[in-house]
Amino acid sequence: GTEAVSLTPVTAGTYDTKTVGTGKGVTVTGLTLTGTDAANYALASTTVTGTIGTITAKALTASLTGMASKVYDGTTGATLTAGNLDLTGVLGTEAVSLTPVTAGTYDTKTVGTGKGVTVTGLTLTGTDAANYTLASTTVTGAIGTITAKALTDGDRDGPDSDRHRLRELHAGLDHGHRRDRDDHGEGPDGEPDRHGEQGLRRHHDRHPDHG
1 GTEAVSLTPV TAGTYDTKTV GTGKGVTVTG LTLTGTDAAN YALASTTVTG
51 TIGTITAKAL TASLTGMASK VYDGTTGATL TAGNLDLTGV LGTEAVSLTP
101 VTAGTYDTKT VGTGKGVTVT GLTLTGTDAA NYTLASTTVT GAIGTITAKA
151 LTDGDRDGPD SDRHRLRELH AGLDHGHRRD RDDHGEGPDG EPDRHGEQGL
201 RRHHDRHPDH G
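Positions 1 to 211 (full-length UniProt numbering) are the ones given, in order, by the sequence shown.
Following this line, the structure appears as structure tokens:
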């Protein structure tokens with residue numbers, strides 16, 4: 001009918017558990033009636049429960065901290081430690097952290113400081129991890145340092161260096177040229193020794209049995 005009776009407004013209840021989920025039970029206690037006709041009615045129960053609850057995962061923010069460094073090696077690969085990862089937004093003492101990663105990528109392979117380092121594929125771990133999500137699974141921070149590679153004489157001119165191989169090639173060509181000149185005879189001006197050839201021919205003509 002039109003009698004004036006209703007539930008006193010309530011703004012708080014209790015989920016069955018604190019964990020993420022849908023269709024979760026929500027309970028309200030201490031219900032009362034209000035209105036000019038409220039005295040004519042009574043509640044069968046001052047507590048009510050319904051599966052109306054939804055708890056979504058809390059977003060956490062990952063970041064890079066500290067420093068990642070290496071000596072120049074011609075690649076953009078970065079080596080990280082657990083100390084390079086930071087996570088903010090975790091509630092209280094709940095057990096959730098970033099799954100350890102040991103590799104990232106420098107922005108460029110060149111020497112420098114304050115270089116951007118990027119880590120992808122981040123995930124959460126821990127007994128409470130299911131109640132959280134990462135705002136982004138990729139994070140970039142200017143924590144990188146690449147220092148110059150020191151070269152030694154061996155590095156610059158070792159057995160595998162281009163300079164060393166070039167010297168060996170020149171030496172081989174020079175040795176072959178000298179041997180070729182020795183085989184054919186050579187005069188003082190570097191030209192073939194024609195006198196030597198003629199002398200050999202005259203000797204052969206005089207002593208055909210020796211040739």
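Here a beta-carbon is modelled for each residue, glycine too, at the ideal position from N, C-alpha and C.
| message | I'd like the list of long-range same chain contacts for Thr-127, defined as Cβ closer than 6 angstroms, with 5 residues on each side in sequence excluded. | response | Indexing the sequence shown from 1 puts residue 127 at position 127. Closer than 6 angstroms at Cβ, skipping near neighbours: Ala-95.
Asp-86 in three-state terms, based on DSSP
To locate residue 86, count along the sequence shown from 1; it is residue 86. If DSSP states are grouped into helix, strand and coil, Asp-86 belongs with the strands.
List the whole-angstrom C-beta distance separating residue 217 from Gly-21, where the pair is believed to meet the contact cut-off of C-beta under 8 angstroms. No information on residue 217 is available, as it lies outside the stretch 1 to 211 that the chain covers here.
My assumption, with CB atoms under 8 angstroms, is that Gly-35 sits in contact with Val-5. Please give the rounded CB distance. Along the sequence shown, one-based indexing puts residue 35 at 35. Along the sequence shown, one-based indexing puts residue 5 at 5. Confirmed, Cβ separation roughly 4 angstroms.
Buried or exposed: Leu-200, going by 16 or more other Cβ atoms within 10 Å of its Cβ?
The residue labelled residue 200 in the question sits at position 200 within the sequence shown. Reliability of the predicted coordinates at Leu-200 is poor, the pLDDT of 47 falling under 50, and no value is obtained from them.
Next item on the list: Enumerate in chain order the residues of its own chain whose CB-to-CB distance from Thr-32 is below 6 angstroms, with the five nearest sequence positions on each side excluded.
Entry: As a first step, residue 32 must be located in the sequence shown, where it is residue number 32. Correct list, in chain order: Thr-8.
Excluding sequence positions up to five away, which residues of its chain have a Cβ less than 7 angstroms from the Cβ of Gly-144? Locating residue 144 in the sequence shown gives position 144, counting from the first residue. For Gly-144, where only same-chain residues beyond five positions count, the Cβ hits under 7 angstroms are Ala-68, Ala-78, Tyr-106, Lys-115, Gly-116 and Val-117.
Expressed to the nearest angstrom, what Euclidean distance is found between the alpha-carbon atoms of Gly-112 and Thr-147? In the sequence shown, counting from the first residue as 1, residue 112 sits at position 112. In the sequence shown, counting from the first residue as 1, residue 147 sits at position 147. Each residue's Cα considered, the two are about 7 angstroms apart.
Anyone know if the C-beta pair for Val-139 and Leu-124 falls short of 8 angstroms? Numbered from 1 along the sequence shown, position 139 holds the residue referred to as residue 139. Numbered from 1 along the sequence shown, position 124 holds the residue referred to as residue 124. With respect to the 8 angstroms criterion, Val-139 and Leu-124 are not classified as neighbours on the basis of their beta carbons.
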